[in-house]
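**Student:**
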Amino acid sequence: MQMVFLSRALEAVFRRWWLYLLLIALFGAIGVMLVAQRSDRYRSFGIVRVSGQSTLTEFTRIGGNSAVGFETPAAFTAREINAVIGTELFISSVAERAGIEEALNAGLVSATELQRSIWASSDSDLLVRVNAAAADPLLAQVLADATIQSYLQWQIDDGVTESRSTEQFFESLLLPYQERVDAAQQALEDYTTANPGPANVELRPVDEQAEIRQLSNEIERADQQLTAALQSLSDARLLTAQTETDVSQRLRVIDPPARPLAPESGLRDDAITILMFLTVGLVLAAAAAAVTALLDRTVRYPDEVERHLDVPVLASLPFAPRLEGRLLGGR
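Per this note's numbering, residue 6 is the first one in the sequence shown, and the count goes up by one each step.
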């Protein structure tokens, strides 16, 4: 049965060989057209070294963005970079650093196109390759560098959001607290001016002593509030600085992006593209021949008569074109 199917398929191919050849040539032509229309793309990349924790993390509780489970630090970081590339905020940051923000806002460059032009991959357990591809070699270099810097800043912003909010909160308290201290000091000064007496409070009348002590306590409380706010502000700023240092220690650019000298696509890629389309055409041609063989119910061989009609074959005449022509011509 398999031999019959194979023979029918081969017969279908050789009977209309030009049709199958046309199908293969059509897909080959499509591959050639795609190669001709494809513009050269330049690819630039930078290498970032990732460590599970920084030296600062060993002494503080800062950080902790390490890989989870069996995932390496580089694989975790590459996956995280590819994830944030899909956000509009990150793409806007990349466009701003690359100097194409106006083109992005004007619609000359789409966010989707920009997202497809940058990606990250892990080279080893600790090395991440950040890639960027563009038609212009300088733009490819700038995009790769902008992606790295945007990710580093994103890491810093993600870690210092709370501390910066704390900074802003205590900074907003400094002015009213200082005004309260100044007001308390001014109240004491006004009272002592209005009630002159010995510098030693103990030598004053009892009612003046009580009033001066009350005003002094008010100054002390206001000063304590101001001192506490300043200390909290200092702690928040220290936490921000520690976070920035932690990020710079955990993520270090060891190989900044360089301007590519040659396009990424070459003769090898063009040949692979054309060969791929030729293969698709060949597969479709083979599939068409197989379908033709399956649908063909023509009886061509003696054994097919017995198999399909269930009747015995008594004799078969060999195919003789000249004899057949003479018989049909009446000669």
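Don't be surprised by glycine CBs; every beta carbon is placed ideally from N, CA and C.
Go ahead and pull the three-state DSSP assignment for Ala138.
**Tutor:** Reduced to three states, the DSSP call for Ala138 is strand.
**Student:** Taking the alpha carbon of Val40 as the reference point, which residue from Thr284, Val285, Asp275 and Ala215 has its own alpha carbon closest?
**Tutor:** The candidate whose alpha carbon is nearest that of Val40 is Asp275.
**Student:** Taking the CB atoms as reference points, tell me whether Pro268 and Ala149 lie closer together than 8 Å.
**Tutor:** It is not a contact, given that the beta carbons lie outside the stated cut-off.
**Student:** Could you spell out where the beta strand (DSSP E) holding Val53 opens and where it closes?
**Tutor:** Segment Tyr47 to Val55, the beta strand (DSSP E) holding Val53.
**Student:** Helix, strand or coil: which one does DSSP assign to Ser115?
**Tutor:** Of the three classes helix, strand and coil, the one that applies to Ser115 here is coil, per DSSP.
**Student:** Can you name, in chain order, every residue of its own chain whose Cβ lies under 8 Å from the Cβ of Arg169, other than the five neighbours on each side?
**Tutor:** For Arg169, where only same-chain residues beyond five positions count, the Cβ hits under 8 Å are Ala241 and Thr245.
**Student:** Grab the span of the alpha helix (DSSP H) containing Ile105 for me, first residue to last.
**Tutor:** Where Ile105 is concerned, there is no enclosing alpha helix (DSSP H), given that its DSSP letter is neither H nor E.
**Student:** Buried or exposed: Phe64, going by 16 or more other Cβ atoms within 10 Å of its Cβ?
**Tutor:** Here Phe64 scores only 45 on pLDDT, less than 50, and its place in the model should not be relied on; the value that follows carries that caveat. With fewer than 16 Cβ atoms within 10 Å of its Cβ, Phe64 is classed as exposed.
**Student:** Kindly indicate which residue of Gln230, Ser253 and Ala215 has the alpha-carbon position closest to the one of Thr197.
**Tutor:** Of the listed residues, the one whose Cα sits closest to Thr197 is Ala215.
**Student:** DSSP beta-bridge partners for Leu256?
**Tutor:** Beta-bridge pairing links Leu256 to Val55.
**Student:** Compute the distance between the beta-carbons of Leu238 and Glu167, then report whether it is under 8 Å.
**Tutor:** Result no, Cβ atoms of Leu238 and Glu167 do not sit closer than 8 Å.
**Student:** Does the contact criterion of 3 or more C-beta pairs under 8 Å hold for the region 283-291 versus the region 27-40?
**Tutor:** Yes, the region 283-291 touches the region 27-40.
**Student:** What is the rounded straight-line gap between the Cα of Glu194 and the Cα of Gln236?
**Tutor:** Approximately 28 Å, taken between the alpha carbons.
**Student:** For Val95 versus Ser155, is the C-beta spacing smaller than 8 Å?
**Tutor:** According to the sequence as given, residue 95 is Phe; it is not Val. Yes, these two residues count as a Cβ contact at 8 Å.
**Student:** In the structure shown, what three-state DSSP assignment does Ala125 receive?
**Tutor:** In this structure, Ala125 counts as strand in the three-state DSSP scheme.
**Student:** Spatial neighbours of Glu172 within its chain, please: C-beta separation below 8 Å, excluding the five flanking residues on both sides.
**Tutor:** Within the same chain, Glu172 has close Cβ partners Leu238, Ala241, Arg242 and Thr245.
**Student:** Are the region 97-109 and the region 214-232 touching, with three or more C-beta to C-beta distances below 8 Å?
**Tutor:** No: the two stretches stay apart, fewer than three of their Cβ pairs being nearer than 8 Å.
**Student:** Once you ignore the five residues that flank Gln158 on each side, which residues in its own chain have a CB closer than 8 Å to its CB?
**Tutor:** Result list for Gln158: Ser98, in chain order.
**Student:** Taking the alpha carbon of Val37 as the reference point, which residue from Leu119, Ala145 and Phe282 has its own alpha carbon closest?
**Tutor:** Here the closest residue by C-alpha is Phe282.
**Student:** Does the beta-carbon of Asp251 have 16 or more other beta-carbons within 10 angstroms, so that it is buried, or is it exposed?
**Tutor:** Buried, by the Cβ-count rule.
**Student:** List the endpoints of the continuous alpha helix (DSSP H) containing Ala267.
**Tutor:** No alpha helix (DSSP H) contains Ala267, which DSSP labels as neither H nor E.
**Student:** Considering only their Cβ atoms, is the gap separating Ala192 from Ala227 smaller than 8 Å?
**Tutor:** Contact: no.
**Student:** Since Ala145 and Ser253 should fall inside the 8 Å C-beta cutoff, what is the C-beta to C-beta distance between them, to a whole number of angstroms?
**Tutor:** Their Cβ separation, rounded to whole angstroms, is 25 Å, which puts Ala145 and Ser253 out of contact at 8 Å.
**Student:** Apply the 10 Å Cβ neighbour rule to Ser122 and answer buried if 16 or more other Cβ atoms are within range, or exposed otherwise.
**Tutor:** Ser122 comes out buried.
**Student:** So, with DSSP's three-state summary, where would you put Leu143?
**Tutor:** Note: Leu143 maps to helix in three-state DSSP.
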